[in-house]
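The structure appears below as structure tokens.
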Amino acid sequence: MENKRIIVATVICFVILVGWQYVAEHMGWVPKQQEIVQTESTDMQTAAAPEPAQIDLKDTTPFYAPGEGKNIVVKTPLYTATFHSAGGVLESFVLNGIAENSSPDSPMLDMIGESAKSASPMGLLINGQPSWNKAEWKISADNLTLENADKKTLVFEGDMDGLLIRRELTFDASTYLIGEKVTYDAKDGKAFIARVGYTIAGSEYSSSSTYNPMQVVWNLEESYDKDSDVGTLTEEGMVKSGNLYFAGLANNYFLNAVAPASKNGLMKARIQNNVWRVAYEEQPVTVNAGSPVSQSLSWWIGPKKAELLEKAPNELIKSIHYGFFGILAKPLLWLLSFFQSFVVNWGVAIILLTVFIKIIFWPLTKKSYKSMEQMKKIAPQMEEVKKKYGSDRQALSREMMQLYRTYNINPMSGCLPILVQLPVFIALYNALLNSENLRHAEFITYLPFTDILWLADLSVKDPLYITPLVMGATMFLQQWLSPAVGDPTQRKVMMLMPVIFTFMFLNFPSGLVVYWLANNVLSIAQQWWTLRKVR
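Following the numbering used here, the numbering of the sequence shown begins with 55 at its first residue and continues without gaps.
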């Protein structure tokens, strides 16, 4: 019974530490809410609100093509955006200095991509109709170039069957945030009730993987949530409505989202032709001639840089999600950045952070190792008690507690220090997994004495599988050095844990594997030194 409890406890700790995030998101344990999506009638020239009509989310209607016009290029120190003059839809959004992958000849990352631009990202839908090819448009300038702290505005003006639309896009050279003000008016003799939607589209951003999936994200009622279920999003789609602060697409490192000032609308999402699509719909507005109506919103298209998102509206900073122990993850990331500022290498910074954590928890770890050694010393007496009272659980428990009191041993002292440290380990796991700084961060770029790329990007797996294999070997050594408490069967089961961890870590981001490897090496040194002193 005692052996079974130890084995079960070990497996539970294993699941909690490294398996929960994967299991919850990929095994369907996180509930998904499905609703019926509705939109408005396409009849525009009426003073009455259009009747809603159900839309089949399985509809495979081809994407809308842009209207006639030309490309407008906006250049800032952070990105180069190409808009189409017909309605201001995005053709491309290339991030300056941020490559698609870690290879030397990699192109810069386009947040839109060739396939997604046909879905008309940043377009306006008026009562379900694409304004970019249903209206006649003109623009205020050909191209814009921003430098230093520049702020400039690009204006698109359109006439959609008498509904006058004015889009004012304001760009800031210091951020990825784009501000927008949309003003609606009507020609004389016309009136409209219009429901306006904003479109978001993108292909899977580079480095998307099991541990860095593409997701639909939103903040509803100040609560951040996400959905990466490709099957559901492809076959059924999804909808959320209410007090929405932002909605869009993201992975661990990038965000493409709209943040409306009104915060009261409807979000629809689906995957079509491998393109991830999101639309945010405002509440209907009444537009009469000579009485303009304005709506304000913001767009974020770019990396999840915390220092910039902190200044962004509508709680966009919540798109950087560190899980249940986020309150611990943030200071750990701060420490990691602090170490990196001195050593100028994120891999070395991870090792230094691991050393720091080990020092903080040294008293608890030392107590745990001492407890294990004490348990080993009384192992023969424990076996005698089990043989004598094995069939009487009450007597067995009484005699075991008496044995612990006689030798002044707390049977939980070996486990509690580990449980206390678990929140820190989980927080650091999520911090490393969601730190944009680790994307394309180098540790040991080339395998020593060769020209073979190795740990050139800590956000992806080790291409040579060296670090997870060494990590598994250190876990095996750690198990072998641990005091032999329990019967041989139990010890053999415990020896399987390094094998399980090794296979799981094969595809982990290499930054996480470096952390775990450094943690194991330090644990072995601590264990050897502590047990040597005890003896």
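C-beta atoms are modelled at their ideal positions from N, C-alpha and C, and glycine is treated no differently. These numbers come from a predicted model, not from an experiment.
- Here DSSP, grouped into helix, strand and coil, assigns Thr134 to strand.
- Each of Leu560, Tyr569 and Lys129 was checked against the Cα of Thr224, and the nearest Cα belongs to Lys129.
- Per DSSP, Met529 is one residue of the alpha helix (DSSP H) stretching across Ile520 to Leu535.
- Contact between Glu490 and Leu509 is absent: CB atoms are separated by about 18 angstroms, not below the 8 angstroms threshold.
- The shortest CA-to-CA distance from Phe555 to any of Phe379, Gln533 and Pro522 is the one to Pro522.
- Asn327: not part of any alpha helix (DSSP H); DSSP gives it neither H nor E.
- Boundaries cannot be given for Arg249, as no beta strand (DSSP E) includes it and DSSP labels it neither H nor E.
- For the 7 angstroms CB-CB criterion, Phe479 and Leu370 do not form a contact.
- Pairing Ser174 with Val148 gives a Cβ-Cβ distance that is not under 7 angstroms.
- In this structure, Ala203 sits away from Tyr376, with a CB-CB distance that is not shorter than 7 angstroms.
- In the three-state reduction of the DSSP assignment, Thr288 falls in the helix class.
- Positions of the alpha helix (DSSP H) runs, each at least 4 residues long and wholly inside the stretch 318 to 384, are given as 360 to 363 in order along the chain.
- The beta-carbon distance between Asp196 and Ile126, rounded to whole angstroms, is 7 angstroms. This is short enough to meet the 8 angstroms contact definition.
- Within the same chain, Ala481 and Asn484 come within 8 angstroms of Gly380 by CB-CB distance, once the 5 residues on both sides are set aside.
- Residue Thr253 holds the alpha-carbon nearest to the alpha-carbon of Ile180 among Val439, Met525, Ala383 and Thr253.
- Secondary structure remark: continuous beta strand (DSSP E) runs of at least 3 residues inside the stretch 387 to 447: none found.
- Boundaries of the alpha helix (DSSP H) around Ser185: Ser185 to Lys188.
- For Val127, the secondary structure class from DSSP, reduced to helix, strand or coil, is strand.
- Scanning its chain for C-beta atoms nearer than 8 angstroms, with the 5 sequence neighbours on each side dropped, one finds around Lys317 the residues Asn297, Leu298, Tyr299 and Asn368, in chain order.
- Counting along the chain, Ser146 sits inside the beta strand (DSSP E) bounded by residues Leu144 to Ala153.
- The stretch 164 to 174 makes contact with the stretch 323 to 332; the number of CB pairs closer than 8 angstroms reaches 3 or more.
- CA-CA distance, Gln532 to Phe410, rounds to 20 angstroms.
- Pairwise C-beta distances place the stretch 284 to 294 out of contact with the stretch 344 to 360, as fewer than three of them are shorter than 8 angstroms.
- Per DSSP, the unbroken beta strand (DSSP E) holding Thr224 starts and ends at Leu217 to Asp226.
- Assignment of Glu276 by DSSP, reduced to helix, strand and coil, places it in the coil class.
- Within the DSSP bridge table, the entry for Asp281 names Val270 as partners.
- The three-state secondary structure of Thr229, taken from DSSP, is coil.
- Distance between Lys322 and Trp186, taken at the CA atoms: about 20 angstroms.
- The three-state reading of DSSP puts Ser156 in coil, since its state is none of H, G, I, E or B.
- Around the beta carbon of Val397, a 10 Å sphere encloses fewer than 16 other beta carbons of the protein chains shown; the residue is thus reported as exposed.
- When Cβ pairs closer than 8 angstroms are counted between the two stretches, the stretch 426 to 439 is seen to touch the stretch 449 to 463, the count reaching three or more.
- Here Ile152 is buried. Its C-beta has 16 or more other C-beta atoms within 10 Å.
- The stretch 411 to 421 makes no contact with the stretch 504 to 520, as fewer than three CB pairs between them are under 8 angstroms.
- In this structure, DSSP gives Pro517 a state outside helix and strand, which the three-state scheme calls coil.
- Bounds of any beta strand (DSSP E) do not take in Tyr500, whose DSSP letter is neither H nor E.
- In terms of CA proximity to Ala135, Met176 leads the group Met436, Val250 and Met176.
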